[in-house]
Structures are given as structure tokens and as C-alpha cells.
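This note's numbering puts the sequence shown at residues 122 to 246. C-beta atoms are modelled at their ideal positions from N, C-alpha and C, and glycine is treated no differently. Everything numeric in this text was worked out from a predicted model, so none of it was measured. Heads up, the thing below is written out as C-alpha cells.
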Amino acid sequence: MTVCASLSLTGCGTACSAVGYMQTLTVHVEDEAGAVQKVRVCGGGNCPDDATLDVDPNIVSAEKSSDEVAVWTATLSYPEEPLLVQLIGSDGSVLEERLVSPDWRLTGGNERCGGPAAAEVTLRP
């Protein structure tokens with residue numbers, strides 16, 4: 122009994138970190154014509170115009186992972202779901218958009234405390 126009491130004061134048990142983990146959304150774009158020039162991912166199901174892109178933490182531009190394959194990656198920090206994924210053409214027009222609630226899978230950490238996560242979606246312009 123005395124041992125357990127003294128251990129509880131020093132951290133008996135596993136405490137979860139207060140660190141926020143990043144989520145990685147991989148967007149596969151079936152774009153044989155190469156029309157998609159940008160992919161935007163917005164939390165809360167709403168993408169305002171580009172003017173707010175750099176100041177709203179709930180909106181990110183995905184980075185193209187490869188020139189040969191239409192795969193884009195967006196790094197997010199617990200955005201509000203559903204996410205709105207937009208495929209943007211060279212003229213800035215939205216070619217396609219879809220509301221998604223990704224199936225996040227832990228890539229580290231554990232179920233109890235959470236950790237970094239990843240999910241994939243596929244869109245076609």
C-alpha cells in the first residue's frame with residue numbers, strides 16, 4: 122500500500138502528452154489530362170476564397186507528392202470535419218469538390234492517447 126501511494130505521486134500510470142499531433146491526408150487525383158493545378162483541404166466543410174488561405178489554420182493547400190503521379194498530401198492539425206477537398210484548375214476554378222470524413226488511422230502513438238494519423242481519399246475532376 123505504501124509503495125503504490127508513493128508511486129502515484131511520482132507518476133504511477135501512463136499520462137498522455139498534451140502535444141497536438143498532425144494528421145496527413147493523402148489525396149489521390151485521377152487526372153489523366155493534368156488539369157488539376159492545386160488541391161485545397163478545408164475544415165468545417167467550407168472553403169472561403171484564396172484571400173483567407175494564409176490566415177485560416179483550418180485551410181491548407183496540399184503539396185504535390187510527385188510530378189509523375191497525381192498524389193497530393195495535406196498536413197492538418199485536427200481540422201473540423203467534414204473536410205471539403207477541392208481540385209483547382211490553372212485558372213483558379215474549382216474543377217471538383219467533395220465533402221469527406223476520412224477514416225483516420227494512427228501512424229504512431231496509441232488508441233488511448235492518440236497520435237499522428239493518416240487517411241486517403243480519391244477524387245476525379
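Taking 8 Å as the limit between beta carbons, can you name the residues of its chain near V242, skipping five residues before and five after?
The residue labelled residue 242 in the question sits at position 121 within the sequence shown. Cβ neighbours of V242 beyond the five flanking positions: L146, T147, V148, H149, V206, R219, V221, P223.
At which residues does the beta strand (DSSP E) containing R219 begin and terminate?
As a working mapping, residue 219 is identified with position 98 in the sequence shown. That run of the beta strand (DSSP E) goes 215-221.
Using DSSP with H/G/I as helix, E/B as strand and the rest coil, what is G155?
Against the sequence shown, residue 155 aligns to sequence position 34. In the structure shown, G155 sits in coil (DSSP, three-state: anything other than H, G, I, E or B).
Quick one: grab the DSSP three-state call for G236.
In the sequence shown, the residue the question calls residue 236 occupies position 115. Coil.
Confirm, please, whether the CB-CB distance from M143 to T194 is below 9 Å.
For the purposes of this step, residue 194 is identified with residue 73 of the sequence shown, where counting begins at 1. For the purposes of this step, residue 143 is identified with residue 22 of the sequence shown, where counting begins at 1. Against a cut-off of 9 Å, the Cβ pair of M143 and T194 comes out as no contact.
Are there 16 or more other CB atoms within 10 angstroms of the CB of C163, so buried, or fewer, so exposed?
To locate residue 163, count along the sequence shown from 1; it is residue 42. By the 10 Å Cβ count, C163 comes out buried.
Shortest alpha-carbon distance to E184 belongs to which of V157, P237, V215, G236?
What you label residue 184 is simply residue 63 of the sequence shown in a count that begins at 1. For E184, the nearest C-alpha among the options comes from V157.
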